[in-house]
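Asks:
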Amino acid sequence: EAQVTQNPRYLITVTGKKLTVTCSQNMNHEYMSWYRQDPGLGLRQIYYSMNVEVTDKGDVPEGYKVSRKEKRNFPLILESPSPNQTSLYFCASSLYREQPQHFGDGTRLSIL
Amino acid sequence: GQQLNQSPQSMFIQEGEDVSMNCTSSSIFNTWLWYKQDPGEGPVLLIALYKAGELTSNGRLTAQFGITRKDSFLNISASIPSDVGIYFCAGQLVSEKLVFGKGTKLTVNP
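Protein chains in written order, with this note's numbering: chain B, -19 to 92; chain G, 19 to 128.
1) Can you find at least 3 beta carbon pairs, one from the stretch 50 to 60 of chain G and one from the stretch 104 to 122 of chain G, that sit closer than 8 Å?
2) Residues of the stretch 75 to 88 of chain B in Cβ contact with chain G at a cutoff of 8 Å, in chain order, please.
3) Would you report the Cα separation of Val93 of chain B and Gln(-14) of chain B, rounded to the nearest angstrom?
4) Mapping the DSSP letters down to three states, classify Asn93 of chain G as helix, strand or coil.
5) Between B:Arg88, B:Pro63, B:Val(-16) and B:Ile(-8), which has its C-alpha nearest Val62 of chain G's C-alpha?
6) Only counting runs of 3 or more residues, tell me where the beta strand (DSSP E) segments fall wholly within the stretch -19 to 25 of chain B, in order along the chain.
7) I need the straight-line Cα distance from Asn23 of chain G to Leu(-9) of chain B, nearest angstrom please.
8) Only counting runs of 3 or more residues, tell me where the beta strand (DSSP E) segments fall wholly within the stretch 39 to 66 of chain B, in order along the chain.
9) What are the residues of the stretch 12 to 28 of chain B that lie near chain G, defined by any Cβ-Cβ distance shorter than 9 Å?
10) Output yes or no for whether 8 Å exceeds the beta carbon distance between Arg48 of chain B and Ser74 of chain B.
11) Is Asp36 of chain B helix, strand or coil when you go by DSSP?
12) What is the DSSP secondary structure of Ser7 of chain G, counted as helix, strand or coil?
13) Under 8 Å by Cβ, that's how I've got Phe83 of chain G and Leu67 of chain G pegged, so tell me the actual separation to the nearest angstrom.
14) Considering only the alpha carbon of each residue, which of G:Phe91, G:Glu35 and G:Asp89 lies closest to Pro99 of chain G?
15) Short of 8 Å in beta carbon distance, which residues of its chain neighbour Leu116 of chain G, apart from the five on each side in sequence? Order them along the chain.
16) Starting from the beta carbon of Gln110 of chain G, find every residue of chain B whose beta carbon is closer than 8 Å, and list them in chain order.
17) Assuming Phe118 of chain G contacts Ser38 of chain G (C-beta within less than 8 Å), just tell me the rounded distance between them.
18) So is Leu67 of chain G in contact with chain B if we call contact Cβ pairs under 8 Å?
19) Check the Cβ of Phe70 of chain B against every Cβ in chain G and list those closer than 9 Å, keeping chain order.
20) Taking 8 Å as the CB-CB cut-off, is Lys123 of chain G touching chain B?
21) Does the CB of Phe47 of chain G have a neighbour CB from chain B at under 8 Å?
22) What is the DSSP secondary structure of Ser100 of chain G, reduced to helix, strand or coil?
23) Where does Gln27 of chain G sit, in a helix, a strand or coil, going by DSSP?
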C-alpha cells in the first residue's frame, strides 16, 4: 500500500531534549516536505527536499533540521526543542514538486 | 508571499444539504488542489485541477478552477455525516511551493 509513515504519532517531552521524527515513503517520490499545523495558522512548510541530498528552508525553518540521505526517508530533527514547537507535524511526499502531495497521519508533539 | 483566503472558516449544516466553499488569491496559480482532513489523520487529496475553467467531479464532490486562475470552489452535494472534517484548498505555480488555505471546518448534523 502506498503510504507516508511518520513516527512517533505522539510525543510528550521536555525543553532542550533532542528529538527526531522519522518519515518514510514507499512510492519512490523525489519530493518530500515537512509541515506544522497550528490552530488559526493552517499548514506551514518547515523544510522540503527536492531529491537526495537536496534540502531547503520553507516558511518556518527556525529550530528545525532535516536530512535526506536516502530517497525514502526524510527525518525532522529538533536539536533543542522549545514549547513554541508544540504542534501537529505532517510529512508529505510527491513524485515531483508540482505533483499533488500525499500526507502522513501526523505527529503530535508537546514540548513542556 | 502568496496567500489564499479560504471561506467560510466553518460551516454547520444538516445532513442532506449542499455545501459550497471557496478560495481566492491575489496571485494566479497553475494548479488548484482540494484536500480533506479527518480528525487525527493527515490531509487526503480529493480533487486536483490543472486548467483554468476546469470542472471536475469526484462522487458528490465538484470543484472548479476559476477562469482568472485566482480562485477555486468546492461543492459537496447531499451531505452525509462522514463529510465532517476540515477542507483545505491549495494552489501552486510551476516550480513554486504549494500554498494552503487555512481550512473550512465542516460539521454535519444528522
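C-beta: ideal position from N, C-alpha, C; glycine also.
Replies: Taking the coordinates as given:
1) yes
2) Arg77, Glu78, Pro80, Gln81, His82, Phe83, Gly84, Asp85 and Gly86
3) As shown, chain B starts at -19 and ends at 92. That puts residue 93 of chain B outside it, with no answer to give.
4) Within the second sequence, the letter at position 75 stands for residue 93 of chain G. If DSSP states are grouped into helix, strand and coil, Asn93 of chain G belongs with the strands.
5) For this step, residue 62 of chain G is matched to residue 44 along the second sequence. When only C-alpha atoms are compared, the closest one is B:Val(-16).
6) -16 to -13, -10 to -7, -1 to 5 and 11 to 18
7) Translated into positions along the second sequence, residue 23 of chain G becomes position 5. Translated into positions along the first sequence, residue -9 of chain B becomes position 11. Rounded to whole angstroms, Asn23 of chain G to Leu(-9) of chain B spans 32 Å at the Cα level.
8) 56 to 58
9) Ser13, Tyr15, Gln17, Gly20, Leu21, Gly22, Leu23, Arg24, Gln25 and Tyr28
10) Counting from 1 along the first sequence, the entry for residue 48 of chain B is found at position 68. Counting from 1 along the first sequence, the entry for residue 74 of chain B is found at position 94. Not in contact: Arg48 of chain B and Ser74 of chain B (Cβ atoms no closer than 8 Å).
11) Taking the first sequence and counting its residues from 1, the one referred to as residue 36 of chain B is at position 56. Strand at Asp36 of chain B.
12) This structure does not reach residue 7 of chain G, given that chain G is present from 19 up to 128, and the question cannot be answered.
13) For the purposes of this step, residue 83 of chain G is taken as the residue at position 65 of the second sequence. For the purposes of this step, residue 67 of chain G is taken as the residue at position 49 of the second sequence. Confirmed, about 4 Å.
14) Indexing the second sequence from 1 puts residue 99 of chain G at position 81. Of G:Phe91, G:Glu35 and G:Asp89, the residue nearest in Cα terms is G:Glu35.
15) The residue given as residue 116 of chain G occupies position 98 in the second sequence. Excluding sequence neighbours, Leu116 of chain G sits near Leu51, Ala108, Gly109 and Gln110.
16) Reading the second sequence from its first residue, position 92 is the one you call residue 110 of chain G. Chain B residues near Gln110 of chain G: Glu78.
17) Numbered from its first residue, the second sequence carries residue 118 of chain G at position 100. Numbered from its first residue, the second sequence carries residue 38 of chain G at position 20. Incorrect: roughly 19 Å between the Cβ atoms, too far for contact.
18) Your numbering for residue 67 of chain G matches position 49 in the second sequence. It does not; no Cβ of chain B falls within 8 Å.
19) The count along the first sequence starts at 1 and reaches residue 70 of chain B at position 90. Gly60 and Pro61, listed in chain order.
20) On the second sequence, position 105 is the one that residue 123 of chain G refers to. Answer no: the Cβ-Cβ gap between Lys123 of chain G and chain B never drops below 8 Å.
21) In the second sequence, the residue the question calls residue 47 of chain G occupies position 29. So, not an interface residue.
22) By 1-based counting over the second sequence, the position of residue 100 of chain G is 82. The answer is helix: DSSP assigns Ser100 of chain G an H, G or I state.
23) Looking up residue 27 of chain G in the second sequence gives position 9. Three-state DSSP puts Gln27 of chain G in coil, outside helix and strand.
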